[in-house]
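For the sequence shown, the positions run 21 to 192 when our numbering is used.
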Amino acid sequence: MTAAPLIVLVGPMGVGKSTVGQLLAERLGVGYRDTDEDIVTGQGRTVADIFVDEGEAAFRALEKQTVHRALAEHDGVLALGGGAILDADTRGLLAAQRVVYLSMDVDEAVKRTGLNAARPLLAVNPRRQWRELMEARRHLYEEVATVVVATDGRTPEEVTRAALDALELKEA
Ligand code: S3P
């Protein structure tokens with residue numbers, strides 16, 4: 021089966037991809053899928069455990085495979101893990117998709133994620149790590165984005181509405 025997601029959500033950890041993704045799916049009357057959840061289900065381990073046991077490179081390889089499969093299978097709203105856009109082949113596939121980049125500034129990011137043990141990339145010095153992460157990734161998110169929706173100071177419902185408006189999609 022070959023499908024294409026109605027919407028692909030990208031953006032950093034903690035920006036609200038899962039919450040907004042589920043709201044978007046509800047409003048549009050379609051299914052929701054999340055590639056981090058696919059990985060956890062497939063591996064029977066948490067993302068943090070995979071990082072600790074096998075390292076980031078092994079996680080990225082699994083992530084790439086999982087994202088490519090989901091892009092080919094899912095026809096609803098698909099949320100990608102925050103680092104999925106690091107892969108050039110994945111960015112190539114996203115060029116043909118309707119991609120929403122949910123953005124937030126670094127202050128908001130630190131506030132939302134804090135010292136979150138479930139997010140191994142932020143475990144030591146969240147503020148510095150956030151700044152570095154976004155410096156390395158912002159242009160990649162922008163490169164794949166069809167639209168950018170800022171989330172700072174907005175509720176998930178407001179972000180959902182802004183995304184639907186930006187894409188000119190009507191609720192089901
Ligand atoms: C990561 C984001 C996480 C998860 C992993 C790595 C990243 O997903 O895939 O911890 O590199 O930004 P979420 O964006 O869903 O938190």
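Cβ coordinates follow ideal geometry from the N, Cα and C atoms, glycine included.
Annotation for V72: no beta strand (DSSP E) segment contains it, though the alpha helix (DSSP H) segment containing it runs V67 to E74.
Note on the segment 23–99: whole beta strand (DSSP E) runs with a minimum of 3 residues are 27–30, 52–54 and 97–99, in chain order. The beta carbon of P25 sits no closer than 7 Å to any heavy atom of the ligand S3P. Within the DSSP secondary-structure output, L122 pairs in a beta bridge with V169. Taking C-beta atoms as the reference points, V28 and R118 count as a pair closer than 8 Å. Classified as buried, K37 has 16 or more neighbouring CB atoms from the shown chains inside 10 Å of its CB. Contact between L113 and L91 holds: CB atoms are separated by about 6 Å, below the 8 Å threshold. At a Cβ-Cβ threshold of 8 Å, R47 and E188 do not count as neighbours.
Around the Cβ of T133, a 10 Å sphere holds 16 or more other Cβ atoms; the residue is buried. Out of V164, R148 and D127, the CA that lies nearest to the CA of G173 is found in D127.
Excluding sequence positions up to five before and after D109, its CB lies within less than 8 Å of the CB of K84 and H88, all in the same chain and listed in chain order. A104: not part of any alpha helix (DSSP H); DSSP gives it neither H nor E. The continuous alpha helix (DSSP H) containing R151 extends over residues P146 to V164. In the displayed model, K190 falls within coil according to three-state DSSP, outside both helix and strand.
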